[in-house]
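Chemist: Under the numbering used here, the residue at position 324 of the sequence shown is numbered 621, and the numbers go up by one with no gaps.
From the three backbone atoms N, C-alpha and C, an ideal C-beta is built for every residue, glycine too.
Please read through the structure below; I'll follow up with questions.
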Amino acid sequence: MKNLVRGFQPSIALLFLLMFLPTAYAADAGDIQKLKETRQCAGCNLEKANLRGFYLRQANLKGANLQGANLNAADLRGAFLRGANLKDADLRNANLEDANLENAKLAGVKWHNTVVSDRTVIERKWREVFNLVNGKVTNPDLSKADLSGANLNGLDLRNFNLQGANLENATLEATLLNNVNFQQANLTSASLFLSDLRNSNFSNANLEKGKLQATDFRNANLSQTNLKQANLSNAFLESANLSNSILTEAKLSRSYLNNANLSQTKLNNANLLTSDLRGANLTGVDLANANLRGADLSNSILSNAILRSSNLEGANLRSMQLSGTNLSGLNLSNVDLSGNNLSKTNLRRTNLSGANLKTANLSQADLFEANLSGADLSGANLSNADLTRANLRGANLQGTTLSGIKLNFANFCGATMPNGSKGKC
Numbered sequence: 298m299k300n301l302v303r304g305f306q307p308s309i310a311l312l313f314l315l316m317f318l319p320t321a322y323a324a325d326a327g328d329i330q331k332l333k334e335t336r337q338c339a340g341c342n343l344e345k346a347n348l349r350g351f352y353l354r355q356a357n358l359k360g361a362n363l364q365g366a367n368l369n370a371a372d373l374r375g376a377f378l379r380g381a382n383l384k385d386a387d388l389r390n391a392n393l394e395d396a397n398l399e400n401a402k403l404a405g406v407k408w409h410n411t412v413v414s415d416r417t418v419i420e421r422k423w424r425e426v427f428n429l430v431n432g433k434v435t436n437p438d439l440s441k442a443d444l445s446g447a448n449l450n451g452l453d454l455r456n457f458n459l460q461g462a463n464l465e466n467a468t469l470e471a472t473l474l475n476n477v478n479f480q481q482a483n484l485t486s487a488s489l490f491l492s493d494l495r496n497s498n499f500s501n502a503n504l505e506k507g508k509l510q511a512t513d514f515r516n517a518n519l520s521q522t523n524l525k526q527a528n529l530s531n532a533f534l535e536s537a538n539l540s541n542s543i544l545t546e547a548k549l550s551r552s553y554l555n556n557a558n559l560s561q562t563k564l565n566n567a568n569l570l571t572s573d574l575r576g577a578n579l580t581g582v583d584l585a586n587a588n589l590r591g592a593d594l595s596n597s598i599l600s601n602a603i604l605r606s607s608n609l610e611g612a613n614l615r616s617m618q619l620s621g622t623n624l625s626g627l628n629l630s631n632v633d634l635s636g637n638n639l640s641k642t643n644l645r646r647t648n649l650s651g652a653n654l655k656t657a658n659l660s661q662a663d664l665f666e667a668n669l670s671g672a673d674l675s676g677a678n679l680s681n682a683d684l685t686r687a688n689l690r691g692a693n694l695q696g697t698t699l700s701g702i703k704l705n706f707a708n709f710c711g712a713t714m715p716n717g718s719k720g721k722c
């Protein structure tokens, strides 16, 4: 017991030390007091400080850390902010007349109702962002504009031209962006959470690692778009064109992709948990290692698709077109394939336990060593199918056509046979 306690002592000491270490991102209380009294605080740590309404006229804040600081309604007229870090700072309603912000870091700044004069020293890029946020841009053509890191939340940018624009790490949350031209734009790691992007054109754009949750992309053109590792969970993509796009490792759980065009799209390793893909065109899509558990793929086209190692457990695959698709070795347990045409389909070693295969056409299908335990095959056509070593334990085969099938070493233990009798164990 003593050895056990002794072994924990370093961990306990470390935990105790961490509890009392100063928080790395907190503003220095002494620096705040110094700023209040002298307005001289070059290089001070004022990260996330509440400086709302502070009188900082002609203050020296050269190189100060003001990241995330609240400067709403602060008087910064003539302030020296050269090289200061103002990333994600709140400058709404602040007065920056004659202030010097040369080389200041201004990504993510809130600019609404800020006062910026002609004499304010500020990089051209950020002056343009300021003008855009405050409705001072009359020309909607911002093609090839540098808006990287800009905070454009809640703006109305409908019908703007942002072709080839740089919006890397920009935030456009809850922004009206329908009918916008984003062709070839760089939106890497940009956040468009809850934005309206209906009918917008993103062809050949880069949205890699984009934060696109609950975004409305209905009828948008996303063809040949890079959406690798993008977060599209709960996004609305109904009737969107995603053909030939890259969605590798993308998060699409609970997304709405009904009637979307996903032909030739790369969705390998993507998460499509419980997504709605009804009527979608998935011709030639790469879904290798994708998670499609509980997804609704009814009435969709999945011809010549790659499904290697994908998880389709509990998915609705009713009335799908699967011609040329290899389903061998997949987990299709509890899926709904009722009424599907699976003639000549490769289902070798596929897990179909508990699947609904009522009235399905499985003629000439390859079901070698397939797991059909507990599956409902009532009324299905299995003529000339290969069921060698297949497991049909407890399956329902009432009214099933079994003419010409291969049954070598198949297990029918407890199965309900076509004539209603029980298979021997």
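#1: Please name the residue in 687, 449, 504 and 640 whose C-alpha comes closest to that of residue 649.
#2: Within 10 Å of its beta-carbon, does residue 377 have 16 or more other beta-carbons around it, so buried, or fewer, so exposed?
#3: Look up residue 473 in the DSSP assignment and say whether it is helix, strand or coil.
#4: How many angstroms separate the CA atom of residue 420 from the CA atom of residue 517?
#5: I'd like to know whether the C-beta atoms of residue 616 and residue 637 end up nearer to each other than 8 Å.
#6: Using 8 Å for Cβ pairs, my map puts residue 394 next to residue 374. What's the rounded Cβ distance?
#7: Can you tell me whether residue 323 is buried or exposed? The criterion is at least 16 other CB atoms within 10 Å of its CB, across all chains shown.
#8: Considering just the uninterrupted stretch of the alpha helix (DSSP H) at residue 790, what are its terminal residues?
#9: Which residues in the same chain as residue 714 place their Cβ atom closer than 8 Å to its Cβ, once the five residues preceding and following it in sequence are excluded?
#10: From the DSSP output, read off the bridge partner residues of residue 566.
#11: Using C-beta distances below 7 Å, list every residue in its chain close to residue 304, excluding the 5 sequence neighbours before and after it, in chain order.
#12: Could you pull out every residue in the same chain whose Cβ sits closer than 6 Å to the Cβ of residue 653, ignoring the five residues on either side in sequence?
#13: I believe residue 515 touches residue 530 by the beta-carbon criterion, under 8 Å. Please report the beta-carbon distance rounded to the nearest angstrom.
#14: Please report the straight-line C-alpha distance between residue 685 and residue 619, rounded to a whole angstrom.
#15: So, for residue 381: in the same chain, excluding its five sequence neighbours on each side, which residues have a beta-carbon less than 8 Å away from its beta-carbon?
#16: Helix, strand or coil for residue 663, going by three-state DSSP, please let me know.
#17: Can you tell me whether DSSP reads residue 783 as helix, strand or coil?
#18: Under a Cβ-count criterion, where at least 16 other Cβ atoms within 10 Å of its own Cβ denotes burial, should residue 352 be classed as buried or exposed?
#19: Which of the three DSSP states is assigned to residue 543 in this structure?
Modeler: Working from what's here:
#1: The sequence position of residue 649 within the sequence shown is 352, counting from 1. Ranking 687, 449, 504 and 640 by Cα distance to residue 649 puts 687 first.
#2: The count along the sequence shown starts at 1 and reaches residue 377 at position 80. Burial call: buried.
#3: Position 176 of the sequence shown, counted from the first residue, corresponds to residue 473. DSSP places residue 473 in strand when its eight states are reduced to three.
#4: To locate residue 420, count along the sequence shown from 1; it is residue 123. To locate residue 517, count along the sequence shown from 1; it is residue 220. In a straight line, the C-alpha of residue 420 is about 34 Å away from that of residue 517.
#5: Indexing the sequence shown from 1 puts residue 616 at position 319. Indexing the sequence shown from 1 puts residue 637 at position 340. Yes, the Cβ-Cβ distance between residue 616 and residue 637 is below 8 Å.
#6: By one-based count along the sequence shown, residue 394 stands at place 97. By one-based count along the sequence shown, residue 374 stands at place 77. Contact flag correct, Cβ pair sits at about 5 Å.
#7: What you label residue 323 is simply residue 26 of the sequence shown in a count that begins at 1. With fewer than 16 Cβ atoms within 10 Å of its Cβ, residue 323 is classed as exposed.
#8: Because residue 790 is not part of the residues shown, which for the chain are 298 to 722, the question remains open.
#9: Position 417 of the sequence shown, counting from 1, holds the residue named residue 714. Within the same chain, residue 714 has close Cβ partners 694, 695 and 720.
#10: The residue labelled residue 566 in the question sits at position 269 within the sequence shown. Residue 566 pairs with nothing; no bridge assigned.
#11: Position 7 of the sequence shown, counting from 1, holds the residue named residue 304. Because the pLDDT at residue 304 is just 39, under 50, the model does not fix this residue reliably, and the value given afterwards should be weighed accordingly. Excluding sequence neighbours, residue 304 sits near nothing in its chain.
#12: Your numbering for residue 653 matches position 356 in the sequence shown. The residues are 633, 635 and 673.
#13: Position 218 of the sequence shown, counted from the start, is the residue given in the question as residue 515. Position 233 of the sequence shown, counted from the start, is the residue given in the question as residue 530. At roughly 16 Å, the Cβ-Cβ gap does not stay under 8 Å, so residue 515 and residue 530 are not in contact.
#14: Stepping through the sequence shown from its first residue, residue 685 is reached at position 388. Stepping through the sequence shown from its first residue, residue 619 is reached at position 322. So the two alpha carbons sit approximately 23 Å from each other.
#15: On the sequence shown, position 84 is the one that residue 381 refers to. Excluding sequence neighbours, residue 381 sits near 358, 359, 360, 361, 362, 363, 398, 401 and 402.
#16: As a position in the sequence shown, residue 663 is number 366, starting the count at 1. Strand.
#17: Nothing in the structure corresponds to residue 783, since the chain is present only between 298 and 722.
#18: Numbered from 1 along the sequence shown, position 55 holds the residue referred to as residue 352. Exposed is the call here.
#19: Numbered from its first residue, the sequence shown carries residue 543 at position 246. Correct three-state label for residue 543: strand.
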